[in-house]
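Residue numbers (our numbering): 2 to 979.
Dropping the structure here:
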C-alpha cells in the first residue's frame with residue numbers, strides 16, 4: 002500500500018499541511034508535548050487550537066495525487082483536548098472544487114473521540130470524476146476544543162501493469178515551433194498571418210505565453226482558415242503523437258470560441274480526409290493550452306497539420322506548438338464479442354462511417370485520439386456528432402429488417418460530450434414508424450461529461466408491428482458535440498431467476514434496540530457526532546402504544562433521550578445493531594420524537610441506518626416542540642453488512658431532539674396474514690341462502706350441489722398503453738387476470754391536449770374499444786399532474802385564474818364524455834411493506850368517507866420471491882380494508898413498468914414468482930363449495946361478492962344455473978328454478 006500524503010507523520014513540521022481558519026503547530030518530544038499527551042506513534046503530532054467553528058482543522062491538497070476509479074483507504078489517529086466530559090465527533094472530509102464556483106463536500110470517515118486516548122479514524126473513498134481542485138482535511142470537534150492528529154495515511158494498492166509498449170520520445174517534429182524564425186515553414190490558409198514579437202510590437206499589448214514571439218492569423222473570412230505546416234516526412238503509421246499548443250483569440254467577441262487542431266490527409270486516390278486532433282474553447286483574456294494526439298493507421302501521400310476554428314473576422318493567436326512521439330501503438334481490430342448477434346452494422350466504426358449518418362448534423366470518425374486528450378475507450382476509433390443545433394441532432398443508423406417485435410434486445414454504448422464543462426444527459430433513442438403512428442422509444446440515458454466516457458446500457462422490446470426503425474444518439478443542448486465509442490445492439494440473454502433466499506433464526510417481535518426504555522441510563526447508546534445525550538422523564542399519559550399488541554405496551558415508558566449541542570443535522574442518539582439483524586427480513590421501525598429548544602416550526606425527523614458506506618432511511622415524520630409525534634418506517638437488508646448503526650437525526654443545528662420508545666423489530670407476516678383472513682371474511686363475503694323451486698324441487702332433499710365462483714366483483718386492474726396491447730401475449734394475460742383498466746398516458750392532459758384547444762382522444766378511444774370488447778371496465782387517472790416535465794408548455798405558461806379556467810375546461814371535457822369524478826386515489830409504489838403501517842394509513846384516509854382506490858401499485862424487489870412476498874403483504878392489507886374499493890397495478894410486464902424489478906411477467910411471457918402469487922391470491926378469493934340440499938330445499942353458505950355457477954344433481958340429471966352475490970351486509974336469498 003502506498004501513501005499519497007506528504008509529511009504524513011509531521012516529521013517536517015506542518016510542511017504541505019495548512020490549518021483551516023485556525024492555529025496549528027506540531028508537538029514534538031524536545032519542545033514538550035501538548036498538556037503532556039504523548040504521540041500514538043513516532044515522536045510528533047499536530048495540534049489545532051483556537052478553533053471557532055467545528056469545520057476548522059488541518060488540510061492538504063491532493064489534487065495531483067489521485068486518479069479516477071481507484072479506491073483510497075484513509076486512516077488517522079486522533080484525539081481531543083479541552084473542556085469536555087464526553088466523546089465528540091471527528092471526521093475526515095474531501096472538498097471537491099469543480100469548474101466555476103461549485104464546491105462539494107464528501108464525508109470520508111467519522112468517529113467519536115475523547116481526551117482520554119487516541120482513536121483510529123478509518124474510511125475510504127473513490128472518485129468517479131476528477132474535480133479541478135481536491136483537498137483532504139480533518140475537522141469536527143466543537144469550537145474551543147483542540148484537535149490532535151497523528152499518522153495520517155491515504156493509501157491505495159499498487160498493481161503490476163502490463164509492460165508498456167510506449168517508447169519515450171521528446172523531439173518536437175514541428176519546425177520553427179516558437180516562430181523565432183518568423184513564419185518560416187508555416188503557411189496561412191487563405192488568409193493573412195504575421196509574427197508579433199517584443200521587437201515588432203505585441204498585438205494589443207498581448208505578451209507571448211512563452212518566449213518572445215507568437216503568430217497572429219488575421220483577415221479570416223471562414224472558420225477553417227488558419228496556419229498550417231506540412232509534416233509528411235516527419236510522421237509514420239502506427240506511431241502515437243502528442244500535440245500541444247498555446248492559443249487565444251482577439252477581435253469583436255465577448256464569449257469563448259472554439260479553436261481546433263486538424264490533420265489534412267491527402268490520399269493516393271486523390272481523396273482528402275480531415276482528422277480532428279484537438280479542440281478547446283479559447284478567449285481573449287488569457288492563453289489556453291490545447292492538447293491532443295493522433296496515430297495514423299496507414300500512411301497517406303501527404304500529411305498537413307493546421308490550426309483553425311474561430312468565426313470569421315476573429316484573429317487566431319498561436320504560440321509554442323509541439324508534436325512529439327509518445328510511443329508506438331499496436332493497432333488491432335475491435336470485434337463484437339463472439340456469439341453476440343449484433344443488430345447494428347459497423348458498431349465500432351472500423352469501416353469508417355459506413356451505415357451511419359448524421360441526424361440533422363455532421364458526423365466524423367476519429368482515429369485513436371482527437372478532441373484534445375480524448376482517447377477511444379475500446380479499439381482505435383470513435384465518432385462525433387458536430388454542428389448540432391437541436392437536442393435531437395446526433396448520429397443514427399436505420400435498423401429496419403434487422404430488429405423484430407416481441408424480442409428482447411440489449412443496448413450498450415460509451416459516450417461523452419465536448420463543448421460544455423457541465424454534465425448533460427445523452428440518450429439512445431429508437432424511432433419506430435408503426436402502422437398509422439410514429440413513436441420514440443427511450444432505450445438508455447445517462448449524464449455524460451467532457452472528462453471521461455460514460456456507459457449507456459438498456460433493454461427494449463417492441464410490441465406492435467412496424468414498418469421502419471431507426472436508432473440514434475441524442476440529448477445535449479445545441480452546440481455541444483456528442484462523442485460515441487461503439488454502439489452494440491443484440492438479442493438479450495435469458496437470465497436465470499435467483500432462488501428463494503434462506504431466512505433463518507429470526508426472532509419476530511423482539512426489539513433489537515438495547516435499553517430502549519432507558520431504564521439503564523445511557524447503556525448501549527452513543528452520540529452520533531459531537532452532540533450530548535442525557536435521560537429525562539415525561540408523563541407517560543402523553544403517549545399511546547405504538548404497537549397494537551397489548552404486551553408491547555410495557556416497552557413504552559415515560560423516559561426519553563435528549564440530544565443537545567447538535568452542530569449538524571445528522572447528530573443524534575445512535576446504537577450499533579449489526580449482529581441483531583437478519584438478511585431478507587422486513588424490520589418495522591417505530592419511535593416517538595419531539596423537537597426541543599433552539600428552534601421554531603416543524604422539522605423533518607427520521608431514523609437513519611448507516612449500513613457500511615450507505616445511508617438507509619428507516620422512516621420519517623415532521624415534528625415540532627409542542628407535542629410528541631409517532632415515526633414509522635421499515636427496511637430490509639439484502640447483503641450482509643460489516644456494520645449497521647441506527648440513529649435518529651433531522652432537525653437543523655442548534656435544535657434539540659427528543660426520542661422515546663425507539664423500536665426496531667422483525668415483522669411476523671404469517672401471524673398478520675391469519676388476522677387479515679378473518680378480516681377479509683367479514684369485509685368481502687356475504688351470507689347466502691340458495692332456495693330451489695320448480696317441478697323437481699320436492700325431490701331435491703339430499704341432492705349434491707357444487708358451487709363455483711367464476712369472478713370476484715372486486716376491481717383488480719392494471720394500466721395499459723396503446724402500443725403494448727398490440728402484443729398478443731401481453732393482451733391475453735391482461736384480459737385473463739384483470740377486470741379493470743386505466744390508461745397509462747393516453748388520458749393524461751399532455752396527451753389529449755398537447756396544443757391548447759386541440760383535443761385528441763384517438764388513442765384513448767381505441768383503448769376504450771379494446772376494453773369494451775373484452776368486458777373490462779375503465780377508470781381515468783389524475784386530472785392534473787403537476788410534475789413539470791409532464792405539463793405541456795402552453796399550460797405551464799398559465800397562472801392564477803387562467804390556470805383554474807383551463808382546469809375547469811379539462812374537467813368539463815371529461816364529464817361531457819361520461820367520466821364521473823370523485824374519490825381518493827392512493828399511489829402505491831412500495832418497497833419493504835409493513836402491514837399495520839399500510840392499514841394505519843388507510844384508516845386515516847377512510848375518515849373522509851370517500852371511496853379509496855389504490856391507483857398505482859407496484860412492489861419492487863430484485864429477487865422475485867421477495868417481490869412475491871412483499872406484493873402479498875400489500876394486496877392482503879388493501880383487500881381486507883373496508884374503505885378500499887379497487888386496486889390498480891401500475892403495469893405487470895417486464896420493461897413496461899414505472900420501476901425496475903416490479904413486474905409479474907418476464908419480457909418473454911414467463912409468469913414469475915410475483916405473478917404466480919398474484920394469480921394464487923385471486924384464486925384464494927374465489928369461493929368453491931360442495932354440499933347437499935337440506936330438508937327446506939335450501940343450501941346456506943358464505944361467499945365472496947361476485948358471479949357464480951351452481952350445479953345441482955336432480956333426479957332427471959344435472960342442472961346448471963348462475964347467480965350473483967351482491968355487496969351488502971344482509972343475508973342474500975337467491976331463488977333458483979330447477
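Glycine included, C-beta positions come from ideal geometry on N, C-alpha and C.
- Under the DSSP assignment, residue 872 falls in the alpha helix (DSSP H) whose first and last residues are 865-881.
- Proximity of the stretch 808-826 to the stretch 780-794 meets the contact definition, three or more beta-carbon pairs being nearer than 8 Å.
- Contact between residue 45 and residue 7 is ruled out by a C-beta separation of about 14 Å, above the 8 Å threshold.
- A distance of 7 Å or more separates the beta carbons of residue 855 and residue 892.
- Of all alpha-carbon atoms in 433, 779, 302 and 385, the one lying nearest the alpha-carbon of residue 736 is that of 779.
- Comparing C-alpha distances from residue 386 to each of 377, 367, 399 and 363 shows the shortest one belongs to 363.
- Only residues of its own chain outside the window of five on either side were considered, and among them none has a CB closer than 8 Å to the CB of residue 675.
- Scanning its chain for C-beta atoms nearer than 8 Å, with the 5 sequence neighbours on each side dropped, one finds around residue 560 the residues 518, 519, 520, 536, 537, 538, 539 and 661, in chain order.
- Assignment of residue 818 by DSSP, reduced to helix, strand and coil, places it in the coil class.
- Contact between the stretch 961-975 and the stretch 667-687 is established, with three or more Cβ pairs separated by less than 8 Å.
- Counting only residues of its own chain and dropping the five nearest sequence neighbours on each side, residue 300 has a CB closer than 6 Å to the CB of 238.
- For residue 753, the uninterrupted alpha helix (DSSP H) segment begins and ends at 750-753.
- Using a Cβ distance threshold of 7 Å, residue 316 and residue 210 do not count as a contacting pair.
- Contact between residue 607 and residue 651 is confirmed by a C-beta separation of about 5 Å, below the 8 Å threshold.
- Boundaries of the alpha helix (DSSP H) harbouring residue 924: 914-925, taken from the DSSP string.
- Its chain contains 949 and 975 as the residues whose beta carbon lies nearer than 6 Å to that of residue 964, once the 5 sequence neighbours on both sides are disregarded; these appear in chain order.
- With the rule of 3 Cβ pairs closer than 8 Å, the stretch 494-510 does not count as touching the stretch 417-430.
- Between residue 255 and residue 302, the gap from beta carbon to beta carbon reaches 7 Å or more.
- Inter-residue distance for residue 190 and residue 107 is about 50 Å (C-alpha atoms, whole angstroms).
- Under a 10 Å Cβ-count criterion, residue 365 is classified as buried, with 16 or more other Cβ atoms of the shown protein chains found around its own Cβ.
- Nearest to residue 466 by alpha-carbon distance, out of 433, 490 and 442, is 433.
- In the structure shown, residue 782 falls within a coil segment according to DSSP collapsed to helix, strand and coil.
- Cβ-Cβ separation between residue 515 and residue 576: approximately 6 Å, consistent with a contact (criterion under 8 Å).
- Assigned with DSSP and collapsed to three states, residue 772 falls in helix.
- Cα atoms of residue 512 and residue 506: separation of roughly 15 Å, rounded to the nearest angstrom.
- Boundaries for residue 673: no beta strand (DSSP E) harbours it, while the alpha helix (DSSP H) harbouring it runs 670-685, taken from the DSSP string.
- The residue from 242, 845, 311 and 3 with its alpha-carbon nearest to that of residue 257 is 311.
- When secondary structure is reduced to three states using DSSP, residue 431 falls in the strand class.
- Of all alpha-carbon atoms in 241, 61 and 287, the one lying nearest the alpha-carbon of residue 247 is that of 287.
- Taking all protein chains in view, the Cβ of residue 53 is surrounded by fewer than 16 other Cβ atoms within 10 Å, so the residue is classified as exposed.
- In the structure shown, the three-state DSSP call for residue 807 is helix.
- Counting only runs that start and end inside the stretch 184-241, there is no alpha helix (DSSP H) element of at least 4 residues.
- The continuous alpha helix (DSSP H) containing residue 738 extends over residues 729-738.
- Collapsing the DSSP output to three states places residue 362 in coil.
- Residue 275 and residue 263 have their alpha carbons spaced roughly 7 Å apart.
- Residue pairing of residue 449 in beta bridges, as defined by DSSP: 425.
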